[in-house]
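*Asks:*
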Amino acid sequence: MTTTAPAEQSVGKTPSGAAHPHPRRRPGRIRRIGLPYLLLLPALLLELLVHLVPMVIGAVMSFKELTQFYIRDWGTAPWSGLDNYKVSVDFDAPVGEALLHSFLVTVAFTLLSVGLCWLIGTAAAVFMQDTFRGRGLLRALFLVPYALPVYAAVITWVFMFQHDNGLVNHVLHDQLHLTDKPSFWLIGDNSFWALLTVSVWKGWPFAFLIVMAGLQNIPGELYEAAALDGAGLWQQIRRITLPSLRPVNQVLLLVLFLWTFNDFNTPYVLFGKSAPEAADLISVHIYQASFVTWNFGTGSAMSVLLLLFLLVVTGVYLLLTSRGRKPADV
Amino acid sequence: MAPPRSFLWSRRIFLTLLTGFVLLPVYVMVSSSLKPLADVTGQFHWLPSEVTIRPYIDIWSTIPLARYFVNSLIVAGAATVCSVVIAVFAAYAVSRYDFRGKRVFTVTVLSTQMFPGILFLLPLFLIYVNIGNATGIALFGSRGGLILTYLTFSLPFSIWMLIGYLDSVPRDLDEAALVDGCGPLGALFRVVVPAAIPGIVAVAVYAFMTAWGEVLFASVMTNDTTRTLAVGLQGYSTLNNVYWNQIMAASLVVSVPVVAGFLLLQRYLVAGLTAGAVK
Numbered sequence: 001m002t003t004t005a006p007a008e009q010s011v012g013k014t015p016s017g018a019a020h021p022h023p024r025r026r027p028g029r030i031r032r033i034g035l036p037y038l039l040l041l042p043a044l045l046l047e048l049l050v051h052l053v054p055m056v057i058g059a060v061m062s063f064k065e066l067t068q069f070y071i072r073d074w075g076t077a078p079w080s081g082l083d084n085y086k087v088s089v090d091f092d093a094p095v096g097e098a099l100l101h102s103f104l105v106t107v108a109f110t111l112l113s114v115g116l117c118w119l120i121g122t123a124a125a126v127f128m129q130d131t132f133r134g135r136g137l138l139r140a141l142f143l144v145p146y147a148l149p150v151y152a153a154v155i156t157w158v159f160m161f162q163h164d165n166g167l168v169n170h171v172l173h174d175q176l177h178l179t180d181k182p183s184f185w186l187i188g189d190n191s192f193w194a195l196l197t198v199s200v201w202k203g204w205p206f207a208f209l210i211v212m213a214g215l216q217n218i219p220g221e222l223y224e225a226a227a228l229d230g231a232g233l234w235q236q237i238r239r240i241t242l243p244s245l246r247p248v249n250q251v252l253l254l255v256l257f258l259w260t261f262n263d264f265n266t267p268y269v270l271f272g273k274s275a276p277e278a279a280d281l282i283s284v285h286i287y288q289a290s291f292v293t294w295n296f297g298t299g300s301a302m303s304v305l306l307l308l309f310l311l312v313v314t315g316v317y318l319l320l321t322s323r324g325r326k327p328a329d330v
Numbered sequence: 331m332a333p334p335r336s337f338l339w340s341r342r343i344f345l346t347l348l349t350g351f352v353l354l355p356v357y358v359m360v361s362s363s364l365k366p367l368a369d370v371t372g373q374f375h376w377l378p379s380e381v382t383i384r385p386y387i388d389i390w391s392t393i394p395l396a397r398y399f400v401n402s403l404i405v406a407g408a409a410t411v412c413s414v415v416i417a418v419f420a421a422y423a424v425s426r427y428d429f430r431g432k433r434v435f436t437v438t439v440l441s442t443q444m445f446p447g448i449l450f451l452l453p454l455f456l457i458y459v460n461i462g463n464a465t466g467i468a469l470f471g472s473r474g475g476l477i478l479t480y481l482t483f484s485l486p487f488s489i490w491m492l493i494g495y496l497d498s499v500p501r502d503l504d505e506a507a508l509v510d511g512c513g514p515l516g517a518l519f520r521v522v523v524p525a526a527i528p529g530i531v532a533v534a535v536y537a538f539m540t541a542w543g544e545v546l547f548a549s550v551m552t553n554d555t556t557r558t559l560a561v562g563l564q565g566y567s568t569l570n571n572v573y574w575n576q577i578m579a580a581s582l583v584v585s586v587p588v589v590a591g592f593l594l595l596q597r598y599l600v601a602g603l604t605a606g607a608v609k
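Put into structure tokens, the structure is as follows:
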């Protein structure tokens with residue numbers, strides 16, 4: 001088989017390319033300008049199909065009175081202007097009040113969960129930075145919560161949180177006698193803490209992974225120089241390790257925030273279609289508004305509001321972190 | 331230099347507690363899956379009263395677990411293959427060429443990744459229902475429809491990670507291939523793809539894992555025949571009984587392939603994840 005097919009030659013190479021300082025490019029140029037678009041075409045079409053069109057439709061839906069009567073043919077649903085938005089943000093009426101409550105719960109939950117995931121992940125990565133016996137095994141173990149399918153892992157927690165036959169009540173009540181009577185974990189106020197526990201259990205290994213990778217990029221000379229100057233290990237961690245992780249942490253915290261804020265899988269498997277009030281995360285709340293009470297219009301308006309909030313938060317965050325980085329780089 | 335004692339003790343205590351926290355559910359899953367039903371309906375006990383593999387036999391007949399397994403395999407597999415193949419082309423274009431609209435494209439990809447799934451679920455649901463009404467093509471409830479919805483999260487992720495990874499593959503490699511007479515596609519397939527295998531594997535594993543664990547779309551977009559594991563496992567709870575031992579056995583069976591694959595490929599995965607994410 002010959003190695004240079006005619007089609008490939010036309011890309012702009014002469015057979016003896018090295019002899020010419022500037023190989024003939026003209027026939028290839030035209031193809032090359034079109035080529036990136038050609039390569040992108042499948043991705044563009046699919047992005048259009050699964051992201052852009054649904055988003056436009058979602059936005060349109062939020063201005064319609066879309067209840068179960070119009071689902072079969074949603075185009076015919078009557079326009080309702082800003083009604084869906086008014087209902088969603090009228091915090092004195094039941095729908096708006098519940099949405100605000102759910103939003104606040106989600107913010108509190110997300111901040112706590114991200115903070116704990118980051119703390120545990122960073123501590124584990126720093127402690128495991130140098131080698132010791134069993135390090136490889138521990139590293140693999142620590143990734144298990146991350147690798148387990150969400151529903152399999154969370155359903156195990158559901159079992160552990162059962163009132164009568166769960167491990168948590170058995171340990172807290174029967175074995176340690178910390179509570180007067182077995183508690184309910186998946187309903188009532190405790191559900192917030194149950195959700196947080198599961199979320200941290202599942203989420204911290206990702207922080208661990210990313211911080212570990214970030215640690216590899218810190219040059220060893222920094223530590224050597226610090227050791228020569230008499231800095232102890234704790235000081236090295238505080239003065240070198242943590243500051244060097246800043247750019248990694250900025251990305252990590254944003255990603256963790258978005259994932260946790262948008263998480264649907266964990267609360268849904270833990271609580272089912274309608275979460276207890278104390279753990280009513282926004283994703284499940286919108287799901288319930290849409291698919292349980294069949295009010296797609298309001299559900300869409302809530303989705304749009306959620307999206308606006310996430311865009312604002314991300315924008316502000318990116319602005320703040322990129323501004324904070326500049327003086328340090330110079 | 332030996333680390334100070336305070337460091338060693340903090341490390342020991344912290345890592346022991348953390349290992350306990352991590353392994354607790356794994357222990358519960360394994361031990362409960364070997365218990366008879368009576369053991370999991372009464373008070374919790376750390377050890378089974380008798381060890382039985384009965385739950386592992388019964389899981390297949392209590393619910394059509396095998397069918398759900400196949401559904402999950404098809405849906406997650408197809409979504410993975412589609413998104414990785416499409417993402418390789420797109421990432422190559424973004425990583426190697428300058429073109430008008432490049433920034434718009436990358437920003438769009440990045441931002442769709444941060445959108446909540448619920449945002450796409452509602453409109454896609456209505457689109458499928460309407461296409462079904464208009465043409466008779468049943469996208470809603472079909473595996474094809476579910477695969478398409480899974481692209482909402484696996485495609486942007488794959489593109490984004492692969493751009494990062496391809497950027498780390500030296501340009502000299504494909505430029506050398508071009509000088510040697512390969513076309514751009516030849517360079518992509520003969521040089522860039524082989525050099526980027528670790529990154530591609532990482533993205534594929536990650537995409538598969540995410541699809542395998544997906545609950546939101548699966549709970550709305552499936553019916554009795556196309557149900558995936560994520561929704562199907564709920565079938566072990568009946569009005570009369572919750573078969574916790576079978577749920578745990580099935581969870582374990584469902585998890586083992588993914589966890590094993592993940593741990594086997596973790597080196598690739600960590601390298602790929604970090605090339606894309608930590609920059």
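One line per chain: the protein sequences are A and B, in this order.
1 is the number of the first residue of the first sequence in the numbering used here; add one for each residue after it.
331 is the number of the first residue of the second sequence in the numbering used here; add one for each residue after it.
We treat Cβ as the ideally placed atom computed from N, Cα and C, and that holds for glycine.
(1) Going straight from the alpha carbon of B/S402 to that of B/T482, what length do you get?
(2) Taking Cβ positions, are B/W574 and B/V370 nearer each other than 8 Å?
(3) For A/I30 and A/P36, what's the separation of their Cα atoms in angstroms?
(4) Please classify A/H22: does DSSP put it in a helix, a strand, or coil?
(5) Quick check on B/W339 - is its C-beta less than 8 Å from some C-beta in chain A?
(6) Grab the span of the alpha helix (DSSP H) containing B/M578 for me, first residue to last.
(7) Evaluate B/V424 with the Cβ neighbour count: other Cβ atoms within 10 Å of its Cβ, from every protein chain shown; 16 or more gives buried, anything less gives exposed.
(8) Between B/V445 and chain A, is there a C-beta pair that is closer than 8 Å?
(9) Keeping to the same chain, check which residues put their C-beta closer than 7 Å to that of B/S362; ignore five residues upstream and five downstream.
(10) Along the chain, where does the alpha helix (DSSP H) that runs through A/H101 open and close?
(11) Would you kindly work out how many angstroms separate the C-alpha atoms of A/L253 and B/L492, rounded to a whole number?
(12) Under 8 Å, do A/L281 and B/P446 count as touching if we go by C-beta distance?
(13) Should the region 415-429 of chain B be regarded as contacting the region 40-50 of chain A, the criterion being three or more beta carbon pairs within less than 8 Å?
(14) Rounding to the nearest angstrom, what Cα-Cα distance links B/L594 and A/L172 in this structure?
(15) Would B/L364 pass as a contact of A/L138 if the rule is Cβ separation under 8 Å?
(16) Between B/S472 and chain A, is the shortest Cβ-Cβ distance under 8 Å, so that the two count as touching?
(17) Smallest Cα separation from A/V89: which of A/L311, A/V50, A/M302?
(18) What does the alpha-carbon distance come out to for the pair B/V572 and A/G34?
(19) Within 8 Å of any Cβ in chain B, is that where the Cβ of A/P21 sits?
(20) Answer with yes or no whether the minimum CB distance from B/S585 to chain A is below 8 Å.
(21) If you compare alpha carbons, which of A/T122, A/T260, A/H163 is closest to B/M444?
(22) Does the Cβ of B/L469 have 16 or more other Cβ atoms within 10 Å, making it buried, or fewer, making it exposed?
(23) Comparing alpha-carbon positions, which option in B/G513, B/Q596, B/N553, B/I467 lies nearest B/Y398?
(24) What's the C-alpha gap between A/G28 and B/G529?
(25) Can you check DSSP and say which residues form a bridge with B/T552?
(26) If you reduce the DSSP assignment to three classes, tell me which class A/T67 lands in.
(27) Does DSSP put B/N570 in a helix, a strand or coil?
(28) Can you tell me which of the three DSSP states A/W294 falls into?
(29) Please classify B/Y357 as buried or exposed, where buried requires at least 16 neighbouring CB atoms within 10 angstroms.
(30) Taking all protein chains shown into account, decide if B/S329 is buried (16 or more other Cβ within 10 angstroms of its Cβ) or exposed.
(31) Using 8 Å as the limit for Cβ to Cβ distance, is A/G136 near chain B?
(32) Within 10 angstroms of its Cβ, does A/F132 collect 16 or more other Cβ (buried), or is it exposed?
(33) Just verifying my parser: in three-state terms, what is the DSSP assignment at A/L79?
(34) Could you check the C-alpha separation between B/T382 and B/L440 for me, to the nearest Å?
(35) Does DSSP put A/Q236 in a helix, a strand or coil?
(36) With respect to 7 Å, is the separation between the Cβ of B/M578 and the closest non-hydrogen atom of the ligand COA below this value?
*Replies:* Judging by the given coordinates:
(1) 17 Å
(2) yes
(3) No answer about A/I30 holds up, because its pLDDT of 49 lies below 50 and its placement is not dependable.
(4) Residue placement at A/H22 is poorly supported in this model, since its pLDDT is 48, which falls under 50; the coordinates still yield a value, given next. A/H22 falls in the coil class under three-state DSSP.
(5) no
(6) 574-594
(7) buried
(8) A small fix is needed here, since residue 445 of chain B is Phe in this sequence, not Val. By this cut-off, B/F445 is an interface position.
(9) V370, W574, N575, M578
(10) 94-127
(11) 21 Å
(12) no
(13) yes
(14) 37 Å
(15) no
(16) no
(17) A/M302
(18) 59 Å
(19) Residue confidence for A/P21 is low, a pLDDT of 47 falling below 50, so the modelled location carries little weight; the figure read from the coordinates is stated next. No, A/P21 does not count as interfacial toward chain B.
(20) yes
(21) A/T260
(22) buried
(23) B/N553
(24) Residue placement at A/G28 is poorly supported in this model, since its pLDDT is 49, which falls under 50; the coordinates still yield a value, given next. Each residue's Cα considered, the two are about 30 Å apart.
(25) B/G471
(26) strand
(27) coil
(28) coil
(29) exposed
(30) Summary: the structure shown does not reach residue 329 of chain B, with chain B confined to residues 331 through 609, and so no result is reported for it.
(31) no
(32) exposed
(33) Note that residue 79 of chain A is Trp in the sequence shown here, rather than Leu. Of the three classes helix, strand and coil, the one that applies to A/W79 here is strand, per DSSP.
(34) 49 Å
(35) helix
(36) Judged by which ligands are present, the structure shown has none, so any question about the ligand COA falls away.
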